[in-house]
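Numbering (this note's numbering), first residue to last: 482 to 701.
Note that CB positions come from ideal geometry on N, CA and C, so glycine has one too.
Reading through the structure tokens given below for one structure.
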């Protein structure tokens, strides 16, 4: 079970989230692109990065492509055909860019990041598809669980994306903070919180509460 309901973000906010995670994890040398002129690069780095091996610097360039699949983590979701179709189209575009020299150099690393819950078999299939277009490139795939692990590692980033806090499984979050008797005494309030989470909006009071927490570690 995923720790975060990232499907509810939609493609635009998912792309923004992943770009922010890449910057937080790998540094400011990662450039956030992702518009109509991005040439298939939702994020890009030409300088060396500690990725995918975090113990040493690896030379670039790095191309990061973000693919969002609607409701990929829903029960019984058939996400693979949609992702496969999207990747096949991306492969066609990659070949066109290489042939027309729109890519001034072939990337040393091509990284596909998606909200889809990769299985081992699906991961190998998608990597094989991309490797056919980029035989001299190392292909890396990051799925829903990988994105969740990055979110776990960057608490400050989660705070800057309030929708992530509202999407995170509230029961799991409170289990970390409250004892069982306290959770049971707060059951009505918790049920209401779950109901209101999808329509949560970060107001000025929300941001003031975070300031108080940072200063005093306590807020009412």
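Problem set entry | Cα-Cα separation between residue 614 and residue 493, rounded to whole angstroms | Looking up residue 614 in the chain shown gives position 133. Looking up residue 493 in the chain shown gives position 12. Distance between the alpha carbons of residue 614 and residue 493 is about 26 Å.
For this session: Using 10 angstroms around the beta-carbon of residue 523, count the other beta-carbons present and answer buried if the total reaches 16, otherwise exposed.
Result: In the chain shown, residue 523 corresponds to position 42, counting from 1. When all chains shown are included, residue 523 counts as buried.
For this session: Along the beta strand (DSSP E) that carries residue 547, what are the first and last residues, could you check?
Result: Residue mapping note: residue 547 aligns to position 66 of the chain shown, counting from 1. Segment 543 to 548, the beta strand (DSSP E) holding residue 547.
Problem set entry | Neighbourhood of residue 584 by C-beta distance below 6 Å, restricted to the same chain and skipping five residues each side | The sequence position of residue 584 within the chain shown is 103, counting from 1. Cβ within range, chain order: 578.
For this session: Grab me the residues of residue 499's own chain with a C-beta within less than 6 Å of its C-beta, minus the 5 sequence neighbours each way, in chain order.
Result: Here residue 499 refers to the residue found at position 18 when the chain shown is read from its first residue. Within the same chain, and ignoring the five residues on either side of residue 499 in sequence, the residues whose Cβ sits closer than 6 Å to its Cβ are 547, 594.
For this session: Tell me, please, whether the stretch 502 to 513 touches the stretch 627 to 643 by the rule of three or more beta-carbon pairs shorter than 8 Å.
Result: yes
For this session: From the DSSP output, in three-state form, read off residue 561 for me.
Result: In the chain shown, residue 561 corresponds to position 80, counting from 1. Here residue 561 sits in helix by DSSP.
Exercise. What residues are listed by DSSP as bridge partners for residue 539?
Worked result: Residue mapping note: residue 539 aligns to position 58 of the chain shown, counting from 1. Note: residue 539 is bridge-paired with 530 in the DSSP secondary-structure output.
Exercise. When the distance is taken between beta carbons, is residue 541 closer than 7 Å to residue 526?
Worked result: For this step, residue 526 is matched to residue 45 along the chain shown. For this step, residue 541 is matched to residue 60 along the chain shown. For residue 526 and residue 541, yes; Cβs fall inside 7 Å.
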